[in-house]
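Note that my numbering numbers the sequence shown so that position 165 is 406, with each residue one more than the last.
Notes to accompany the following structure.
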Amino acid sequence: MSQRQAAHPIDPQFTDRWSPRAFTGEAIAADALLGLLEAARWAPSASNIQPARFLFGHAGTPAFATILDGLVPFNQGWAGKASALVVVLSKTSSVAPGQTEAKANVWHAFDAGAAWMSLALQAHLKGYITHAMGGFDGDKLRAALNVPADVAIHAVVAVGKQGDKASLPEGLQARELPNDRLPLAQLAAEGAWSF
Ligand SMILES: Cc1cc2nc3c(=O)[nH]c(=O)nc-3n(C[C@H](O)[C@H](O)[C@H](O)COP(=O)(O)O)c2cc1C
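Structural data, given as structure tokens:
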């Protein structure tokens, strides 16, 4: 199925997962979406602080409309046919056990990234597609969703079933393909930085 070639043997889930923009628009059952978020819940985090948070809306609900409204117009052009939109956030500080004052958690973003990837891979395993978006208006989403100041908004993830690329605006149809990656030698080196 995948046109992507791994340079070393890996499970096909890693190359088969990609981020289409064509969605069918069909509904996703509440349990099915919670199953994807459950996978994110089990992601590792520094000191098991679990800073990642998720705000979601099912298609056709006011929550979905609010999140969609917070996306940049380019993303609104295709993400409106997703089955659900999931905002990925993280708490930037935490109170350690036995302490009373919150301290900055410098790993909050790293941990939120791990959690979103768990969601994406679980979705792929269950036959759903996901597409992360950094193209959103953070101030608008923060106000509309009542997100506290010490919580970072990282991305909005469109979740659903893959649709026909003919349903996309013309400019996007040509881009509806899995892309490639840099060679591993440009990403990983033994010992000191040598890139
Ligand atoms: C944090 C993040 C932000 C992204 N923002 C957008 C976006 O705003 N709009 C969009 O169409 N794709 C967006 N993408 C999708 C990336 O372009 C895509 O994941 C990347 O090209 C790799 O392709 P693949 O996911 O199909 O493997 C984003 C992905 C990530 C992880």
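Cβ coordinates follow ideal geometry from the N, Cα and C atoms, glycine included.
- Beta-bridge partners of G354 (DSSP): none assigned.
- At least one heavy atom of ligand 1 is found less than 7 Å from the C-beta of R262.
- Segment contact: the segment 392-402 against the segment 364-372, three or more CB-CB distances shorter than 8 Å; contact assigned.
- The residues K322, A323, G401 and G404, in chain order, have a CB closer than 6 Å to that of F264 in the same chain once the five nearest residues on each side in sequence are set aside.
- Burial state of P410 is exposed, judged by a 10 Å Cβ sphere holding fewer than 16 other Cβ atoms.
- Of the other Cβ atoms in all chains shown, 16 or more fall within 10 Å of the Cβ of A293; this residue is therefore buried.
- The Cβ-Cβ distance between R262 and P419 does not fall below 8 Å.
- Taken in chain order, the complete beta strand (DSSP E) segments of 3 or more residues contained in the segment 263-295 number zero; there are none.
- Rounded to whole angstroms, the separation of the alpha carbons of F315 and P285 is 33 Å.
- At the C-beta level, G301 and T307 stay beyond 8 Å of one another.
- Of S435, G375 and L362, the smallest CA-CA separation from D257 is found for L362.
- Taking every protein chain shown into account, the CB of K381 has fewer than 16 other CB atoms within 10 angstroms, so this residue is exposed.
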